[in-house]
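Taken in order, the sequence shown gives residues -19 to 239; the numbers are from the numbering used here.
C-beta atoms are modelled at their ideal positions from N, C-alpha and C, and glycine is treated no differently.
All of these numbers come straight from a predicted model, not from anything done at the bench.
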Amino acid sequence: MNTFTKTTLSAIITLFMSVSAVSQNQAYSAADITSTLPSRVWINITAPNGGVSQTAIAYLPQCTFGMDFGYDATIFAENNTIALYSIQNDAHLAIQARPAFSNIDEVALGYNATVAGSYTISIDHGDGVFAQQQEVHIKDNLTGTVTKLNDSPYFFDTEAGEFNTRFTLQYTNTTMGTTPVTAISSDITVLNANGLINIKAENATINALRIYDINGRTLFSQNSVNAQQTSVSSVAAQKQVLIVQVITDKGATSKRIVY
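Right, dumping it as structure tokens:
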């Protein structure tokens, strides 16, 4: 996990104290939540070795898009496999406070990976509008795909290094003309038949496959499939839920199966 500075700890205390009155089983309207109450979402990144880093985005009416003392907190990572942070004015933040929530807002996310491999981005938890079925999407600016994190984690491969332009957190599925992940979901079929995982694409060519367990560990990876259907039999896994990521020439999608 991340190691926090005193400023970060102060910000955490401030953010939690500011919402002490919210947890009183009170009912609030959508207008109340967006205009007066905090809305926060915690995002995790998981490394191939199981290392985890977390960043938080907090929407509060009293905050700004600049640096807010006592709310924003810079990240301090030392000897960590992975560090995830949001970016504001070139600052790398473990906690970023922004004004009252708007679903057209977008937040740049960066990460620093010390090892290459397959990583996972997921929602840890949320409150305010994020506890009211608000959609949270991660846009991969490298591939042009958008994944709804409410439905499934996002799995991706990366080299080691610092990457500050690859990901954008957004709350509507806008893809700037690229193919959204969910657009081809209905065209992809993934079935488990007696230990054989069968993958079929109706109107696309399968370029690559990734199979992960529920914790984001890579169990199988295949590039250059170049076919509309294929089968996988060499997955070393006991009975459990698996996530099959299918990457095609028209976009990518993930399917869950019991293996």
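Worksheet item: In this structure, what does DSSP give as the bridge partners for ASN24?
Response: Answer by DSSP bridge pairing, in chain order: GLN34, SER102.
Worksheet item: Between ILE227 and SER33, what straight-line distance do the alpha-carbon atoms span, to the nearest angstrom?
Response: 26 Å
Discussion item. If you measure between the beta carbons of ALA74 and THR44, is that distance less than 8 Å?
Written reply: no
Worksheet entry | ILE84 classed as buried or exposed, judged by whether at least 16 other C-beta atoms fall within 10 angstroms | exposed
Fill in: 8 Å contact criterion, which ILE191 and VAL212 should meet: CB distance rounded
7 Å
Worksheet item: Where do the N-terminal and C-terminal ends of the beta strand (DSSP E) with ILE168 fall, by residue?
Response: 168 to 173
Worksheet item: Do the segment 127 to 137 and the segment 167 to 181 meet, that is, are 3 or more Cβ pairs less than 8 Å apart?
Response: The count of Cβ pairs closer than 8 Å, one atom from the segment 127 to 137 and one from the segment 167 to 181, stays below three, leaving the stretches out of contact.
Worksheet item: Whose C-beta lies closer than 6 Å to the C-beta of SER201 among residues of the same chain, with five residues either side of it excluded?
Response: ARG190
Worksheet item: When you compare only the Cα positions, how much space is there between THR138 and GLU86?
Response: 22 Å
Discussion item. For ALA71, which residues in the same chain have their Cβ closer than 7 Å to its Cβ, ignoring the five residues on either side in sequence?
Written reply: MET47, THR54
Worksheet item: Can you pull the DSSP bridge partners for ASP120?
Response: THR125, PHE147
Worksheet entry | Alpha-carbon to alpha-carbon, PRO79 and SER132 | 27 Å
Worksheet item: When the Cα of TYR91 is compared with those of LYS235, ILE67, LEU222, ASN178, which residue comes out closest?
Response: ILE67
Worksheet entry | GLY76, enclosing beta strand (DSSP E) - first and last residue | Correcting the residue type first, residue 76 is Gln in the shown sequence and not Gly. Start and end: 71 to 78.
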